[in-house]
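Since the structure comes first, as structure tokens, the remarks are kept for the end.
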Amino acid sequence: MLKNNYTAVTEFILLGLTDQAELQPVLFVVFLVIYLITVLGNVSMILLIRSDSKLHTPMYFFLSHLSFVDLCYTTSVAPQMLVHFLSKRKAISFLGCLLQFHFFIALVITDYYMLTVMAYDRYVAICKPLLYGSKMSRCVCFSLVATPYIYGFVNGLAQTILMLRLSFCGPNEINHFYCADPPLIVLACSDTYVKETAMFVVAGFNLTCSLAIILISYIFIFSTILRIHSAEGRRKAFSTCGSHLTAVTIFYGTLFCMHLRPPSETSVEQSKIVAVFYIFVSPMLNPFIYSLRNKDVKNAIRKVFQRKLLN
3 MLKNNYTAVT EFILLGLTDQ AELQPVLFVV FLVIYLITVL GNVSMILLIR
53 SDSKLHTPMY FFLSHLSFVD LCYTTSVAPQ MLVHFLSKRK AISFLGCLLQ
103 FHFFIALVIT DYYMLTVMAY DRYVAICKPL LYGSKMSRCV CFSLVATPYI
153 YGFVNGLAQT ILMLRLSFCG PNEINHFYCA DPPLIVLACS DTYVKETAMF
203 VVAGFNLTCS LAIILISYIF IFSTILRIHS AEGRRKAFST CGSHLTAVTI
253 FYGTLFCMHL RPPSETSVEQ SKIVAVFYIF VSPMLNPFIY SLRNKDVKNA
303 IRKVFQRKLL N
């Protein structure tokens with residue numbers, strides 16, 4: 003039971019990845035390099051898709067938005083984390099914490115469904131190629147992109163409102179490097195049942211629902227590919243899916259480890275390592291995954307370098 007005479011928390015202290023002072027400068031350099039590669043890779047992918055007319059197709063339109071969302075949710079965490087590596091006092095205001103909490107959840111859920119939309123796009127392209135032009139019209143593509151953004155931010159707002167209903171009266175040390183659900187719930191001094199339940203329901207529903215749509219899409223895709231008689235045709239069809247499957251495996255594998263566990267000190271410590279993979283590693287790798295295994299993107303990159311050399 004929460005007492006009436008309590009002092010409300012006005013700021014939180016983020017404990018970060020480690021409390022070992024000698025590791026902070028090393029971690030700063032490592033994560034700065036990762037963040038810069040992430041920014042450069044995703045911004046380059048967006049600009050490349052916008053500048054090359056051959057990449058003005060639904061698949062690359064969705065990929066440009068995936069790069070944008072990856073860049074945004076990494077940026078919601080990385081700059082402050084980098085500052086804290088070099089700071090003695092790793093504080094974040096109560097409002098700043100809630101804003102980070104909101105945008106991170108909103109953008110991660112948006113990412114779930116952007117990957118889902120990309121799977122649906124591949125399903126239509128491979129399983130219903132004659133209907134692709136009508137089913138993936140400009141209007142449909144804009145709707146498919148807008149829906150994840152709207153749904154993600156509505157979910158983020160709902161989770162933030164539930165977090166605001168909790169009381170924080172001390173301690174104020176968040177055992178993480180950003181304002182995440184489980185470590186914040188551990189700090190609450192009021193009943194957390196509703197927030198915990200909502201966290202598991204939202205995380206479980208969105209993870210399983212989006213992943214189920216992706217898996218069903220790929221069951222139909224693989225079924226169609228296996229019926230293609232020529233080896234070259236099968237290879238070409240598989241090549242359009244390989245990058246997306248790799249990105250899905252990395253992203254969803256780490257998210258299942260992150261969210262589908264009850265909040266505790268042990269789970270929070272483990273979630274720090276898992277969070278590094280889906281906040282930093284996955285967004286950093288995605289531009290490479292989609293460029294190194296994609297003929298169209300490699301040709302577009304080659305044309306950019308040729309133009310630079312000629313100029």
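The opening residue of the sequence shown carries number 3 in the working numbering; numbering runs sequentially from there. Quick reminder that beta carbons are idealized off the backbone N, C-alpha and C, glycines included.
With distances taken Cα to Cα, identify the nearest neighbour of T256 among V35, A205, F290. Of V35, A205, F290, the residue nearest in Cα terms is A205.
Apply the 10 Å Cβ neighbour rule to H86 and answer buried if 16 or more other Cβ atoms are within range, or exposed otherwise. By the 10 Å Cβ count, H86 comes out buried.
Using only the alpha-carbon positions, how far apart do L88 and D113 sit? Counting only the Cα atoms, D113 lies some 30 Å from L88.
Own chain, CB closer than 7 Å to G18, minus 5 neighbours either side, in chain order: Only H86, K92, F179 meet the Cβ criterion.
7 Å CB neighbourhood of M286 in its chain, flanking five on each side removed: Excluding residues within five positions, the ones whose Cβ falls inside 7 Å are I36, I39, T40, G43.
When the Cα atoms are used, what is the spatial distance from F240 to P185? Going from the Cα of F240 to the Cα of P185 covers about 41 Å.
Ignore the nearest five residues each way along the sequence and tell me which others in M116's own chain have a CB closer than 8 Å to its CB. If we look at M116 and ignore the five residues flanking it on each side, its Cβ neighbours are F64, H67, L68, V71, V147, P150.
Give the secondary structure of F106 by DSSP, where H, G and I count as helix, E and B as strand, and everything else as coil. If DSSP states are grouped into helix, strand and coil, F106 belongs with the helices.
Measure the beta-carbon distance from Y153 to L109 and round it to whole angstroms, keeping in mind my assumption that it falls under 8 Å. The beta-carbon distance between Y153 and L109, rounded to whole angstroms, is 12 Å. This is too long to meet the 8 Å contact definition.
Flag this pair as yes or no: are the beta carbons of A190 and L164 separated by less than 8 Å? Result no, Cβ atoms of A190 and L164 do not sit closer than 8 Å.
Alpha carbon of R304 to alpha carbon of L16, nearest angstrom: Between R304 and L16, the C-alpha separation is close to 44 Å.
Inside the stretch 119 to 193 only - alpha helix (DSSP H) runs reaching at least 4 residues: Counting only runs of 4 or more, we get 134 to 137, 140 to 166, 183 to 189.
What are the boundary residues of the beta strand (DSSP E) that A93 is part of? Residues 93 to 95.
Cβ-based neighbour list, S161, same chain, cut-off 6 Å, excluding 5 preceding and 5 following: According to the sequence provided, residue 161 is Gln. The question's Ser does not apply to it. Excluding residues within five positions, the ones whose Cβ falls inside 6 Å are I107.
Does any residue of chain C have a CB that is nearer than 8 Å to the CB of M165? Of the protein chains in this structure there is only one, and it is not chain C.
Locate the alpha helix (DSSP H) running through F224, then write down its first and last residues. Residues 195 to 228.
What residues in its chain sit with their C-beta under 8 Å from that of F33, if we drop five residues either side in the sequence? Closer than 8 Å at Cβ, skipping near neighbours: A80, M83, L84, F87, F282.
Around the Cβ of M3, are there at least 16 other Cβ atoms within 10 angstroms (buried) or fewer (exposed)? A caution first: M3 carries a pLDDT of 43, below 50, which makes its placement in the model unreliable, though a value can still be read off. Under this definition M3 is an exposed residue.
N-terminal and C-terminal residue of the alpha helix (DSSP H) that F33 is part of: Per DSSP, F33 belongs to the alpha helix (DSSP H) from 26 to 53.
Of the residues P27, F222, T118, the one placed nearest K90, counting alpha carbons only: Among P27, F222, T118, the Cα nearest to that of K90 is on P27.
What's the C-alpha gap between I325 and I176? Summary: the structure shown does not reach residue 325, with the chain confined to residues 3 through 313, and so no result is reported for it.
Got a sec, what are the start and stop residues for the beta strand (DSSP E) L16 sits in? According to the DSSP assignment, L16 belongs to the beta strand (DSSP E) that extends over 13 to 16.
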